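S.K.: Got a structure here, written out as structure tokens. Questions coming.
Number of protein chains: 2
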Amino acid sequence: MQDLLFDFISKYISLTDDEKNAIVSLALFRQVKKGAILLKEGEKSNDGYFVLKGCIRIYYIIDGEEKTTAFYTEMEALTPHCVIQKAPSEYYISCVEDSILLVSDPDMEAEMFSKFPKFETLCRILAEEFLAKQQINFDEFKTSSPEQRYINLLQKRPDLIQRVPQHQLASFLGIKPQSLSRLRARILEKIKG
Amino acid sequence: MQDLLFDFISKYISLTDDEKNAIVSLALFRQVKKGAILLKEGEKSNDGYFVLKGCIRIYYIIDGEEKTTAFYTEMEALTPHCVIQKAPSEYYISCVEDSILLVSDPDMEAEMFSKFPKFETLCRILAEEFLAKQQINFDEFKTSSPEQRYINLLQKRPDLIQRVPQHQLASFLGIKPQSLSRLRARILEKIKG
DNA sequence: TGAATACGTTCACTTAAGTTAAGAAATGAT
DNA sequence: ATCATTTCTTAACTTAAGTGAACGTATTCA
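In order, the protein sequences belong to chains V and Y. One rule links them: number in this note's numbering = place in the first sequence (from 1) + 31. One rule links them: number in this note's numbering = place in the second sequence (from 1) + 31.
If you want it as structure tokens, here you go:
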């Protein structure tokens, strides 16, 4: 399991055995069951997550309805807004599947950064890279229709459509579950016709 | 003008005079006229921008139509996707108003980082913070209607509605200019009625 | 200054998403 | 295995966004 992590890191920086050991000694691995809630609205938490295996999601409850806005799968990192802003969380985080996560918090990060400055470089690069990806995603979302967004998702993250319930996908696409059903039927119609 | 920059930085880290001088000696200030194009689709560039004064925007040309997806105003930093990905740009960047920008590139950043590690910390924090903000923005976009998005913008960035043409705002809100006109009329109707 | 272009609004019409409700299918718990 | 709950789909109706076109009003620039 740790190998997955080090393979991932090696794409960005090279680590000595000392550094690997430091990470392992500080890192907290956590197994979580499908449906488990990692963070609730209103709670304060300092935990960030790196998904080694499985899938977690962010959702809001607005007017009593769940609105899923993001999924994180293998080799993706999620630092909740409340950790950065030091404020109560606006959203929930829960497990879509049984998952294995690497849990971090700012204190642990600070310790790593001071011992191994290289590690701060890694975090900076990851943040910059993820920010760039996030912006492209947002741009695509803004400039396309729900139907285009779904077709886009089919191509870019076909796994998500398999592993995630439709009603969660719907709000991820910015629409209602009924509209997603209809839209899927419409696309099938087009392919057949 | 430099004071603006240092006041901003001082919110995150404290700088010695040496460090300030290093920034000034490496930094490139650039005055740009309204309408000037900083980056074109297909171009490769290594320049990142920090807006000291004015407003710049990102837009795509899709099927011959301009689609504006982002605005950057005072004290906001924009590192184009193509700088991170080392690939040709998918979008254009242009000046909405006469602006004063601080231009940076990866080489200059690397030099700063090695001389003053503190500066890498600043960049990491800014990237993390901006990422968190960006995600909240995206979440709000996904979970609200065009009308709600516009009302939201009225409250959060009223300045944008003043300084930016309607048709650019429209695509920023994910709709057509005609729909924005209609939506504004609808809101006025509600206030009157 | 005058012609051309770009911009914002309005209108009629089309298309698709939201809403409400019902029922079928899948899932989970006892 | 059965019952209850959740999830997904379908349908009819409402509402709002997309489309194409026209019109008045800036802006631009030759």
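Every residue gets a Cβ at the ideal spot worked out from N, C-alpha and C, and that includes glycine. Source: prediction; values computed, not measured.
#1: Below 8 Å on the Cβ atoms is my contact criterion, and I expect Cys113 of chain V with Gly85 of chain V to pass it. Report the Cβ-Cβ distance as a whole number of Å.
#2: Return the CA-CA distance between Leu133 of chain V and Val63 of chain V, expressed in angstroms with no decimal places.
#3: Reducing DSSP to helix, strand and coil, say where Met83 of chain Y ends up.
#4: What residues from the region 135-152 of chain Y come within 7 Å of chain V, judged by C-beta to C-beta, listed N to C?
#5: Run through chain Y and tell me which residues come within less than 9 Å of Gly73 of chain V, C-beta to C-beta.
#6: Per DSSP, which one or two residues make a beta bridge with Ser135 of chain V?
#7: Please list, in chain order, the residues of the region 156-175 of chain Y that have any C-beta partner in chain V closer than 8 Å.
#8: Let me know if Ser212 of chain Y comes out buried or exposed under the rule of 16 or more other beta-carbons within 10 Å of its beta-carbon.
#9: Between Ser41 of chain Y and Ile222 of chain V, what straight-line distance do the alpha-carbon atoms span, to the nearest angstrom?
#10: Between which two residues does the alpha helix (DSSP H) holding Glu74 of chain Y run?
#11: Can you name, in chain order, every residue of its own chain whose Cβ lies under 8 Å from the Cβ of Gly66 of chain Y, other than the five neighbours on each side?
#12: To be precise: take each residue of the region 183-206 of chain V, compare its Cβ to all Cβ atoms of chain Y, and keep it if any distance is under 9 Å. Which residues remain?
#13: Would you call the region 156-171 of chain Y in contact with the region 82-96 of chain Y, where contact means no fewer than 3 C-beta pairs closer than 8 Å?
#14: Would you list, in chain order, the members of the region 76-94 of chain V that have their beta-carbon closer than 8 Å to a beta-carbon of chain Y?
#15: Give the DSSP-derived three-state secondary structure of Ser125 of chain V in the structure shown.
#16: Beta carbons nearer than 8 Å to chain V: which residues of the region 104-120 of chain Y have them?
#17: Residues in its own chain within less than 7 Å of Lys225 of chain V by CB, not counting five upstream and five downstream?
#18: With a cut-off of 8 Å on the beta carbons, I'd call Leu69 of chain Y and Ile44 of chain Y a contact; round off their distance for me.
#19: Output the distance between the C-alpha atoms of Glu121 of chain V and Ser76 of chain V, rounded to the nearest integer angstrom.
#20: Quick check: the Cα distance between Ile93 of chain V and Ala101 of chain V, rounded to an integer number of angstroms?
#21: Please compile the residues from chain V whose C-beta is within a distance smaller than 7 Å of the C-beta of Cys154 of chain Y.
#22: In terms of residue numbering, what span does the alpha helix (DSSP H) encompassing Val114 of chain V cover?
#23: Helix, strand or coil for Tyr181 of chain Y per DSSP?
#24: My understanding is that Glu160 of chain V touches Ile115 of chain Y, with C-beta atoms under 8 Å, so please give their C-beta distance in whole angstroms.
#25: If you draw a straight line from the alpha carbon of Glu178 of chain Y to that of Val195 of chain Y, how long is it in whole angstroms?
#26: Nearest CA to the CA of Pro189 of chain Y: which residue from Y:Thr104, Y:Phe60, Y:Arg61, Y:Met143?
#27: In whole angstroms, what separates the C-alpha of Gln193 of chain V from that of Asp129 of chain V?
#28: Compare the C-beta of Lys42 of chain Y with all C-beta atoms of chain V and state if any pair is closer than 8 Å.
#29: If we ignore side chains and look at the alpha-carbon of each, how far apart do Glu74 of chain Y and Asn52 of chain Y end up?
#30: Please report the distance separating the alpha-carbon of Ala108 of chain V from that of Leu204 of chain V.
#31: Exposed or buried, which one is Glu151 of chain Y when buried takes at least 16 other CB atoms within 10 Å?
#32: Taking the beta strand (DSSP E) that Phe147 of chain Y belongs to, which residues open and close that run?
#33: According to the Cβ coordinates, are Gly79 of chain V and Ser135 of chain V closer than 8 Å?
#34: Taking DSSP as the reference, what is the three-state secondary structure of Lys207 of chain V?
M.R.: By the coordinates alone:
#1: Here the question's residue 113 of chain V lines up with position 82 in the first sequence. Here the question's residue 85 of chain V lines up with position 54 in the first sequence. Actually they do not touch by this definition, with Cβ atoms about 22 Å apart.
#2: Along the first sequence, read from residue 1 onward, the residue named residue 133 of chain V stands at position 102. Along the first sequence, read from residue 1 onward, the residue named residue 63 of chain V stands at position 32. Cα to Cα, the separation comes out at about 11 Å.
#3: Reading the second sequence from its first residue, position 52 is the one you call residue 83 of chain Y. Per the sequence shown, the amino acid found at residue 83 of chain Y is Leu instead of Met. DSSP places Leu83 of chain Y in strand when its eight states are reduced to three.
#4: Pro148, Glu151, Thr152
#5: Here residue 73 of chain V refers to the residue found at position 42 of the first sequence. Neighbours of Gly73 of chain V on chain Y: none; closest Cβ ~16 Å, over 9 Å.
#6: Here the question's residue 135 of chain V lines up with position 104 in the first sequence. Note: Ser135 of chain V sits in a beta bridge opposite V:Gly79.
#7: Per Cβ criterion, the list reads Ala158, Glu159, Glu160, Phe161, Leu162, Ala163, Gln165, Gln166, Ile167, Asn168, Phe169, Asp170, Phe172, Lys173, Thr174.
#8: Counting from one through the second sequence, the residue named residue 212 of chain Y turns up at place 181. Flag for Ser212 of chain Y reads exposed.
#9: Along the second sequence, one-based indexing puts residue 41 of chain Y at 10. Along the first sequence, one-based indexing puts residue 222 of chain V at 191. Those two C-alpha atoms are separated by around 58 Å.
#10: Within the second sequence, numbered from 1, the residue matching residue 74 of chain Y stands at position 43. Taken as a continuous stretch (DSSP letters only), Glu74 of chain Y belongs to no alpha helix (DSSP H), as it is neither H nor E.
#11: Position 35 of the second sequence holds residue 66 of chain Y. Contacts found: Ser125, Cys126.
#12: Ser202, Phe203, Leu204, Gly205
#13: Counting C-beta pairs with one atom in each stretch, the region 156-171 of chain Y and the region 82-96 of chain Y have fewer than three that are closer than 8 Å, which means they do not touch.
#14: Flagged, chain order: Ile89, Tyr91, Ile93.
#15: For the purposes of this step, residue 125 of chain V is identified with residue 94 of the first sequence, where counting begins at 1. Residue state, collapsed to three classes: strand.
#16: Taken in chain order, the members of the region 104-120 of chain Y whose beta-carbon sits within less than 8 Å of a beta-carbon on chain V are Thr110, His112, Ile115, Gln116.
#17: As shown, chain V starts at 32 and ends at 224. That puts residue 225 of chain V outside it, with no answer to give.
#18: Counted from its first residue, the second sequence places residue 69 of chain Y at position 38. Counted from its first residue, the second sequence places residue 44 of chain Y at position 13. Ile44 of chain Y and Leu69 of chain Y do not touch by the CB rule: their CB atoms are close to 28 Å apart, not below 8 Å.
#19: By 1-based counting over the first sequence, the position of residue 121 of chain V is 90. By 1-based counting over the first sequence, the position of residue 76 of chain V is 45. Between Glu121 of chain V and Ser76 of chain V, the C-alpha separation is close to 12 Å.
#20: As a working mapping, residue 93 of chain V is identified with position 62 in the first sequence. As a working mapping, residue 101 of chain V is identified with position 70 in the first sequence. Rounded to whole angstroms, Ile93 of chain V to Ala101 of chain V spans 15 Å at the Cα level.
#21: Position 123 of the second sequence, counted from the first residue, corresponds to residue 154 of chain Y. Result: Arg155.
#22: For the purposes of this step, residue 114 of chain V is identified with residue 83 of the first sequence, where counting begins at 1. Per DSSP, the continuous alpha helix (DSSP H) segment holding Val114 of chain V begins and ends at 112-116.
#23: In the second sequence, residue 181 of chain Y corresponds to position 150, counting from 1. Of the three classes helix, strand and coil, the one that applies to Tyr181 of chain Y here is helix, per DSSP.
#24: One-based indexing of the first sequence puts residue 160 of chain V at position 129. One-based indexing of the second sequence puts residue 115 of chain Y at position 84. The pair is a contact, with the Cβ atoms about 6 Å apart (cut-off 8 Å).
#25: Position 147 of the second sequence holds residue 178 of chain Y. Position 164 of the second sequence holds residue 195 of chain Y. So the alpha carbons of these two residues sit roughly 18 Å apart.
#26: The residue you call residue 189 of chain Y lines up with position 158 of the second sequence. It is Y:Thr104 whose Cα lies nearest to the Cα of Pro189 of chain Y.
#27: Here the question's residue 193 of chain V lines up with position 162 in the first sequence. Here the question's residue 129 of chain V lines up with position 98 in the first sequence. Straight-line Cα distance between these residues: approximately 15 Å.
#28: Position 11 of the second sequence, counting from 1, holds the residue named residue 42 of chain Y. By this cut-off, Lys42 of chain Y is not an interface position.
#29: Position 43 of the second sequence, counted from the first residue, corresponds to residue 74 of chain Y. Position 21 of the second sequence, counted from the first residue, corresponds to residue 52 of chain Y. Computed Cα separation, rounded: 32 Å.
#30: If you number the first sequence from 1, residue 108 of chain V lands on position 77. If you number the first sequence from 1, residue 204 of chain V lands on position 173. So the two alpha carbons sit approximately 21 Å from each other.
#31: Here residue 151 of chain Y refers to the residue found at position 120 of the second sequence. The residue is buried, with at least 16 neighbouring Cβ atoms inside 10 Å.
#32: Within the second sequence, the letter at position 116 stands for residue 147 of chain Y. Here Phe147 of chain Y belongs to no beta strand (DSSP E), and DSSP marks it neither H nor E.
#33: Position 48 of the first sequence, counted from the start, is the residue given in the question as residue 79 of chain V. Position 104 of the first sequence, counted from the start, is the residue given in the question as residue 135 of chain V. Taking 8 Å as the Cβ cut-off, Gly79 of chain V and Ser135 of chain V qualify as a contacting pair.
#34: Within the first sequence, the letter at position 176 stands for residue 207 of chain V. Three-state DSSP puts Lys207 of chain V in coil, outside helix and strand.
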